[in-house]
Each structure stands twice: as C-alpha cells, then as structure tokens.
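Numbered as in this note's numbering, the sequence shown ends at 1167 without a single skipped number.
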Amino acid sequence: MQSLTFKLAAILFLAALAVGVSPVVLAEDENSASEVDQRQAKMLAVACYNCHGTDGSYGEDGVPAIAGVPSSILRAQLLAFKAGQMPNTTVMNRLVGGYSEAELAVLADYFADKSPADADDASE
Ligand code: HEC
1044 MQSLTFKLAA
1054 ILFLAALAVG
1064 VSPVVLAEDE
1074 NSASEVDQRQ
1084 AKMLAVACYN
1094 CHGTDGSYGE
1104 DGVPAIAGVP
1114 SSILRAQLLA
1124 FKAGQMPNTT
1134 VMNRLVGGYS
1144 EAELAVLADY
1154 FADKSPADAD
1164 DASE
C-alpha cells in the first residue's frame, strides 16, 4: 500500500515536471533564432572593432573600411580569406579560420548594415 502511494506520487511528480518544463523549453526554442543571431552578431563583431573600428568604418593604415559594403561582397571576401584565395592578406586569412561559414555570413550582414557615412570620422 505504501509503495503504491509512493509510486503514484513519483508518477505525478514526473508528470508535473514534464508538463511544467516542456512548455518553457518549447517557448525558448521558438524565438531563440533571431535573438541569438542578434546577440551573437554583436559578440562576433567585437573581435573586429580593434582594427575596423566599432562600426567597421575605420579605413586607414592598410585596414579597409567595411561599413555599408553589401553583405554579399563582405561574405565573399571573408570566405575567400578562409579558403586562402584572397591576395595580399596580412591578418585576415589567419583571423577568419576560427569562424564557421554561418558566422561569417552573420558578420557580413552586421557590417553591411552599418553606415559608411561614419567613415569620415575615422579619416580625421
Ligand atoms: C588585426 C586587425 C584586424 C582585425 C581584428 C580584423 N581585421 Fe579585417 N582586415 C584587416 C586588414 C589589415 C585587412 C586587409 C587584408 C589583410 O591584410 O589581411 C582586412 C580586410 C578585411 C575585409 C576585406 C575588405 C576589403 O575591402 O578587402 C573584410 C571583409 C574584413 N577585413 C572583415 C573583418 C571582420 C568581419 C573582422 C572580425 C571577425 C575583421 N575583419 C577583423 C585587419 C583586421
């Protein structure tokens, strides 16, 4: 009798867990894609700030400005660095090695959205 009560309690407890937990997990999965992309894009882009400026508009000392360049071009350049097909590269070929192609696409979108008008500030 006692063990039956215990089994019932255990089953109810597990059922409650399953019901209580799964909706939370589902809800996170539903809207995570775009949110993670946004946060991930910023985190990935911070690694580029040192040389390209916080908005990608710094364009001196052999560092090309990348702000506002169409995403498809940035993406092709980043993939070319990764594939070792970009001529005259000093650091980018080494840097992009740690990024997946999907992450490079996210970075290309991120800097394509920046305003190239800010490039004037960097040339002062
Ligand atoms: C250590 C400095 C440095 C960092 C950090 C850096 N870059 Fe670069 N980037 C350069 C230089 C210098 C070039 C010119 C090519 C070369 O010498 O490799 C360049 C070229 C590029 C180009 C090609 C632009 C063109 O017109 O040819 C793109 C796109 C680019 N970088 C994107 C990025 C992204 C995205 C990041 C962050 C993941 C990043 N860079 C981080 C220095 C840097």
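Backbone N, C-alpha and C define an ideal beta-carbon position, used for all residues, glycine too.
Checklist line | Ser1114 beta carbon less than 8 Å from that of Ala1108 | finding: The residue given as residue 1108 occupies position 65 in the sequence shown. The residue given as residue 1114 occupies position 71 in the sequence shown. Contact: no.
Next item on the list: Count the other C-beta atoms from every protein chain shown that fall within 10 angstroms of the C-beta of Asp1098, then say buried if there are 16 or more, exposed otherwise.
Entry: In the sequence shown, the residue the question calls residue 1098 occupies position 55. With 16 or more other CB atoms across the displayed protein chains lying within 10 angstroms of its CB, Asp1098 is buried.
Notebook entry, point to check: Is Val1139 helix, strand or coil by DSSP?
Noted result: For the purposes of this step, residue 1139 is taken as the residue at position 96 of the sequence shown. The answer is helix: DSSP assigns Val1139 an H, G or I state.
Next item on the list: Starting from Ser1114, trace the alpha helix (DSSP H) both ways and give me its first and last residue.
Entry: For this step, residue 1114 is matched to residue 71 along the sequence shown. Per DSSP, Ser1114 belongs to the alpha helix (DSSP H) from Ser1114 to Lys1125.
Check: How do the region 1086-1093 and the region 1112-1127 stand: do at least 3 beta-carbon pairs fall below 8 Å, yes or no?
Finding: Too few Cβ pairs lie closer than 8 Å, so no.
Next item on the list: Could you pull out every residue in the same chain whose Cβ sits closer than 8 Å to the Cβ of Thr1132, ignoring the five residues on either side in sequence?
Entry: The residue labelled residue 1132 in the question sits at position 89 within the sequence shown. Result list for Thr1132: Phe1124, in chain order.
Next item on the list: Determine the direct distance from the alpha carbon of Tyr1142 to that of Ala1119, and round the result to whole angstroms.
Entry: Position 76 of the sequence shown holds residue 1119. Position 99 of the sequence shown holds residue 1142. In this structure, the straight-line span from the alpha carbon of Ala1119 to that of Tyr1142 is close to 14 Å.
Next item on the list: Keeping to the same chain, check which residues put their C-beta closer than 7 Å to that of Leu1047; ignore five residues upstream and five downstream.
Entry: Here the question's residue 1047 lines up with position 4 in the sequence shown. Closer than 7 Å at the Cβ level, and outside the excluded window around Leu1047, lies no residue.
Note to self: Quick check: is any heavy atom of the ligand HEC less than 7 Å from the C-beta of Leu1121?
What the structure shows: Residue 1121 sits at position 78 when you count from the first residue of the sequence shown. True, at least one ligand heavy atom lies under 7 Å from that Cβ.
Margin query: the ligand HEC and Thr1097: does any heavy atom of the ligand fall closer than 7 Å to the residue's C-beta?
Written below: Reading the sequence shown from its first residue, position 54 is the one you call residue 1097. Every heavy atom of the ligand HEC is 7 Å or more from the Cβ of Thr1097, so no.
Next item on the list: Using the Cα positions of Leu1150 and Pro1130, report the straight-line distance between them to the nearest angstrom.
Entry: Indexing the sequence shown from 1 puts residue 1150 at position 107. Indexing the sequence shown from 1 puts residue 1130 at position 87. Computed Cα separation, rounded: 21 Å.
Check: What is the rounded straight-line gap between the Cα of Ala1084 and the Cα of Ala1148?
Finding: Numbered from its first residue, the sequence shown carries residue 1084 at position 41. Numbered from its first residue, the sequence shown carries residue 1148 at position 105. Ala1148 has its alpha-carbon roughly 10 Å from the corresponding atom of Ala1084.
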